[in-house]
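Per my numbering, the sequence shown starts with residue -13, numbered consecutively.
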Amino acid sequence: MLESFKQTSYHVACLFSVAVVLFDVSSAFGQRPTLTTLNGAIVVNTEPGTVAEISSDNPFATASKLPLHTPAFNVIRTEHYQPAFMAGMKQQLAEMEAIASRSDAPTFDNTIVAIEKSGALLNRSRMVFSNMTSAHTNKDLQNIQTELAPLLAAHSDNILLNQRLFDRVEKLYKSKDTLELTGEQQEVLRQHYEDFVRAGAKLSEQHQNRIRSLNEQLSTLQTKFEDNLLAVTKERSVVVDNVAELDGMSDADIAAAAETAKERGHEGKYVLEITNTTRVPVLTSLNNRGLRERVWKASANRAVGENGGIDNRPLILEIAQLRAERANLLGFANHSAYKLQNQMAKNPDAARKMLTDLVPGVVARVQQEAKDLRAMMRDLGADHELAPWDWEYYSEKVRSARFEVDEAAVKPYFELNSVLTNGVFFTMNKLFGISFRERKDLPVYHPEVRVFDVLDGDGSQIGLFYIDFFKRDSKRGGAWMSSFVDQSTLLNEKPVIVNVLNNPRPADGEPALISFDNVTTMFHEMGHAVHGLFSDVTYPSVSGTETPRDFVEFPSTFEEDWCIQPAILSNYARHHETGEPIPKELLDKVIRASKFNQGFDTLEYMAAAILDLEWHTLTADEIPDDIEAFEAATLKKYGIDISAVPPRYRTPYFAHIWGGGYASSYYAYLWSEVLAADAFAFMQSNGGATIENGARFRSEVLSRGSSRDPMESYKAFRGQEPTVDALLIRRGLK
């Protein structure tokens, strides 16, 4: 998954992924800033001597002196963030006002380039803070998030709804064909113009004021949703009293569960944690069906107020309502039409068709898989119905019987550090000629984070790469890539990239052995990482992963398939004790088994993606009162209401669409997978993992950001538009 924040900081309200709780933080951070309206603009008022200015000893006051301006985590403290944000917003508004107030005619340099250069202080603060609120948060940071969410929304509006600034941009856009701009400059100009228009720059003052109000409300609601989600993961963890109930789990996993329980104040017991998705990995191994049911229900029924717990449903209904109203004000039929206008799909009908065209074949595969599971259940003497908490348990048994692959037998060959160095880094070297050199001299935000210089084939430095492996209470679920510094030749910046994962932390003294799913995730996130690292553009707003959502998952999904290539898999899949490579027979079984259960995997994803589109194609007066009934009706409408295969995310904990940047865009993973599968098949037919193939992919796709139309980048690499044939083969559906 991508977590990306635009360099041009006025986009912060849309992409600032924060969590919010409505606390009064004035005691912690001085006089509380307030919002007032002045001539239609929302402005920030602060008392003198509080957060209006930034002191010279604040580490955000100037660019970091560390290599590549990487954050100085050794000196950054919680109290530095809010003053930096407040001063950063003030500075950027002054910069924008200076551009808007110019008396000379607008040029690309005095308007667009000036906008691109604005907001340096705010951007430095934002990049670090946004990463910390996802990867290593705490109550103090959450309090600051509460304070900042509406202020940042107002800041974005104050720029994008500045009529004089928009007039300059519009004049340039209307005369773009006479300006002799480069291709990248034309794309940057187009995107800036559309950003203003899509924010409401052409609306009446009355409607602009309503847009401001909607953005402020949405920023608060979305950040509260994220905060709830972080808390509910811990709330819904399952406490087990008796180790006998954990029959089927490995000794290492049981030890880790005991250690987690001790940390949570349940010494002598065991804690099974839920993940961000509906499915929970431990369900594949638990022999106790009653415990499997407890774990699954803890996951699937989270954030619905069960037993007085956290309830996200009122937040979601209000978010959906406000998004629909905003889309209507901006001239769109619904939020989905608004969001997809500038994506590859262009409209929700195209995205929906891509998904629904696959439904008949996928459902047929699911029915066959269910038949196989029921046969296994009969063979094992089970006389109950196939329930969702049974699917992964029995599918693992079918997988083991059919391919003779036992997850417990495979894990010892997937030691985390070997996967990283001998798998992920090895692949990047074979494809791109780059290398990774660990360094211990740079400060990190958590002791488990590691840092690497990324070196090109000639030894020159491309950027810095941080990796944060293990699950902890201060980190939200899932896995993602983000950045501390984005590449830009205009700003003379090289990229500083971070991958954040949620691998289970091993018990003290035990090796970190990971599942094959987590191996695949590491390759996926490295695909995002090299997309950021290889960026080679001038302007920060089109750098790296700043591409349409239905394109951005293409490079990451493309990298996944390398992890099962025999020459690569045999290099990293070595027994953690003996160093012996994984036996060829077992290796072949792992590769064959990777195509197993694809009906289930595809359907649970499609169900979530269709739910996302259905929520966001509603008008404001169509928002339902009953979330569960809406879900059920949607699944039935599209013929995907199979009780044993629930959506990968149910509405109350669907982080991608209610808190993250994937609202109406969750379909993007499958859309991008079409590109990834086609590109991988093309590369395989032309020699596979060679430096020549990697150089072409790097030059035409990874280095371009959104400096040109993404389909043009794809065709420059591939020679034609993609077909779905390779996707069907990749998913074992053809």
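All residues carry an ideal CB built from backbone N, CA and C; glycine is no exception.
- Task: Could you check which residue in R385, K160, P398 and Q192 has the C-alpha nearest to that of L499?
- Result: P398
- Message: Under DSSP, the alpha helix (DSSP H) around S285 begins and ends at which residues?
- Response: R275 to A286
- Around the Cβ of H510, are there at least 16 other Cβ atoms within 10 angstroms (buried) or fewer (exposed)? buried
- Task: List the residues that DSSP assigns as beta-bridge partners of W466.
- Result: V486
- Item | Residue range of the alpha helix (DSSP H) that includes D369 | From DSSP, D369 is part of no alpha helix (DSSP H); its letter is neither H nor E.
- Message: Within a Cβ cutoff of 7 Å, which residues of the same chain sit near S521, ignoring the five residues on either side of it in sequence?
- Response: Q473, P481, S529, G530, S689 and G691
- Message: Can you list, in chain order, the residues of its chain with a C-beta nearer than 7 Å to that of V352? Leave out the 5 residues immediately preceding and following it.
- Response: G585, F586, L589, I628 and V631
- Query: Using 8 Å as the threshold, is the stretch 390 to 405 in touch with the stretch 288 to 299, meaning 3 or more CB pairs across them?
  - Reply: no
- Item | Beta-carbon proximity of R634 to A662, cut-off 9 Å | no
- Task: For N124, I'd like the list of residues in its chain whose CB is within less than 7 Å of its CB, leaving aside the five on either flank, ordered along the chain.
- Result: S460
- Inter-residue Cα distance where the pair is G645 and K570: 44 Å
- Query: Beta-carbon separation of S693 and T524 under 9 Å?
  - Reply: yes
- Query: Which value, in whole angstroms, describes the spacing of the CA atoms of E202 and A140?
  - Reply: 7 Å
- Message: Relative to the C-alpha of A313, which candidate in R198, A106, A373 and A553 has its C-alpha closest?
- Response: R198
- Given A217 as reference, the closest of F438, A641 and S658 once Cα atoms are compared: A641
- With DSSP as the reference, label F537 as helix, strand or coil. helix
- Beta carbon proximity, D297 to chain B, threshold 9 Å: Any reference to chain B falls outside this structure, which holds one protein chain only.
- Message: Let me confirm a value: P194 is counted as buried when at least 16 other C-beta atoms fall within 10 Å, else exposed. Which label applies?
- Response: The sequence given here has Gln at residue 194, not Pro. Burial call: buried.
- How about V722 and T56: are their beta carbons less than 9 Å apart? Outside the displayed span of the chain (-13 to 720) sits residue 722, for which this structure offers no information.
- Task: Rank T168, Y256 and G251 by C-alpha distance to the C-alpha of A241 and give the top, closest one.
- Result: Y256
- Item | Residues bridged to R425 (per DSSP) | V437
- When you compare only the Cα positions, how much space is there between R18 and A73? Reliability of the predicted coordinates at R18 is poor, the pLDDT of 34 falling under 50, and the value obtained from them is presented with this limitation in mind. When rounded, the distance between both Cα atoms is 15 Å.
- Runs of alpha helix (DSSP H) lying entirely within the stretch 113 to 147, each at least 4 residues, in chain order: 125 to 146
- Message: Please report the distance separating the alpha-carbon of M235 from that of H514.
- Response: 32 Å
- Query: Under a three-way DSSP split, which group does F666 fall into?
  - Reply: helix
- Message: According to DSSP, simplified to helix, strand and coil, what is L258?
- Response: strand
- Task: Put L713 into one of helix, strand or coil per three-state DSSP.
- Result: helix
- Message: Would the stretch 481 to 491 count as touching the stretch 455 to 470 if we require 3 or more Cβ pairs under 8 Å?
- Response: yes
- Would you list the one or two residues that DSSP bridges to S671? For S671, which the question treats as bridged, DSSP gives no partner whatsoever.
- Query: With distances taken between CB atoms, is the gap from Y431 to N44 smaller than 9 Å?
  - Reply: no
- Message: Quick check on DSSP: helix, strand or coil for F46?
- Response: coil
- Message: Rounded to whole angstroms, what is the Cα-Cα separation between V538 and S658?
- Response: 7 Å
- Message: To the nearest angstrom, how far is the alpha carbon of E191 from that of Y648?
- Response: 29 Å
- Measure the C-alpha to C-alpha separation of L750 and N679 and round it to an integer number of angstroms. With the chain represented from -13 up to 720, any question about residue 750 goes unanswered, as that position is not in the structure.
- Please state whether DSSP places Q447 in a helix, a strand or coil. strand
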